[in-house]
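So the protein sequences, as listed, match chains D and G.
Under the numbering used here, the first residue of the first sequence is numbered 1, with each subsequent residue one higher.
Under the numbering used here, the first residue of the second sequence is numbered 1001, with each subsequent residue one higher.
Below is one structure; the comments refer to it alone.
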Amino acid sequence: DTEVTQTPKHLVMGMTNKKSLKCEQHMGHRAMYWYKQKAKKPPELMFVYSYEKLSINESVPSRFSPECPNSSLLNLHLHALQPEDSALYLCASSQDPRAGANVLTFGAGSRLTVL
Amino acid sequence: GIQVEQSPPDLILQEGANSTLRCNFSDSVNNLQWFHQNPWGQLINLFYIPSGTKQNGRLSATTVATERYSLLYISSSQTTDSGVYFCAVDPDMEYGNKLVFGAGTILRVKS
């Protein structure tokens, strides 16, 4: 299995809702990532988990809350989002964060619309 | 932080033509990857190439680390090559897991 699976593919939520994005990989990778991509822009790093511990938080607002329950799963909990948070949210994984050749494998993304 | 510039920003090709995409970066890097994003948003890793030359079918890439640039060559282009090509780099000399993406090159291949 060489895939990163993201659910849901599409999500529409109001500003008062609480929702979660889910990411799963079964490649034995030990680093997992959340990226945010606005329309016609490149992906921007949000969070990195290394061996199930949060290693990088790129000053992301607290209305985004990541969680890594185990080495295969990565969640992004969403609460009190703003319309400007509408974007494609991409999950990625890589084999070993301590290795030099850190090749990222991306999921297909979750397209979020905040009304 | 590190700056990544890609050129050209847009490129329109006739099917069968060849092209070269360029990525310039402002600092030494430990990790450089090329990605293709299809019209549905899926990012596919094309090459991990912090230095040297690699080839995969009709695609090849060269990174000259000392001069801080990388090139992606696409030969005999096909309509399925359309999409956005991103170069992403990480200057972290220890681990290399904080990739910074360039703005991308939008490629359209016409039949």
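Beta carbons are placed, not taken as given, at the ideal position from N, Cα and C, and that holds for glycine.
Only a predicted model underlies this, so the values are computations on that prediction, with no experimental measurement involved.
Discussion item. Please list, in chain order, the chain D residues whose beta carbon lies closer than 7 Å to that of G/A1103.
Written reply: P42
Worksheet item: So which residues on chain D does G/F1025 lean against when the C-beta distance must stay under 9 Å?
Response: Neighbours of G/F1025 on chain D: none; closest Cβ ~14 Å, over 9 Å.
Worksheet item: Between D/T7 and the ligand NAP, is the CB less than 8 Å from at least one heavy atom?
Response: Ligands in the displayed structure: none, and consequently the ligand NAP is not present.
Practice prompt. Examine chain D for any beta-carbon lying closer than 9 Å to the beta-carbon of G/G1041, and answer yes or no.
Written response: So yes, G/G1041 belongs to the interface.
Item to complete: May I ask you to list, following chain order, the residues of the region 1049-1063 of chain G that have a beta carbon less than 9 Å from some beta carbon of chain D?
Response: Answer in chain order: P1050.
Worksheet entry | Option nearest D/Q6 by Cα separation, candidates D/W34, D/T16, D/G28 | D/W34
Discussion item. Quick check: G/G1104 and G/P1039, are their CB atoms within less than 9 Å of each other?
Written reply: no
Practice prompt. Can you tell me the Cβ-Cβ gap for G/W1034 and G/A1065, rounded? I've got them flagged as a contact below 8 Å.
Written response: Taking the Cβ atoms as the reference, G/W1034 lies roughly 15 Å from G/A1065, outside the contact range of under 8 Å.
Discussion item. Between the alpha carbons of G/G1075 and D/K38, how many angstroms are there, rounded?
Written reply: In the sequence under discussion, the amino acid at residue 1075 of chain G is Ser, which differs from the Gly named in the question. Distance between the alpha carbons of G/S1075 and D/K38: 30 Å.
Discussion item. Could you check whether the Cβ of D/F106 sits closer than 9 Å to any Cβ belonging to chain G?
Written reply: yes
Item to complete: Starting from D/G107, trace the beta strand (DSSP E) both ways and give me its first and last residue.
Response: Where D/G107 is concerned, there is no enclosing beta strand (DSSP E), given that its DSSP letter is neither H nor E.
Discussion item. What does DSSP give as the partner residue(s) for D/A130 in the beta ladder?
Written reply: No answer is possible for residue 130 of chain D: it lies beyond the span of chain D, which begins at 1 and ends at 115.
Practice prompt. Identify the continuous beta strand (DSSP E) that holds G/Q1006 and give its terminal residues.
Written response: 1004-1007
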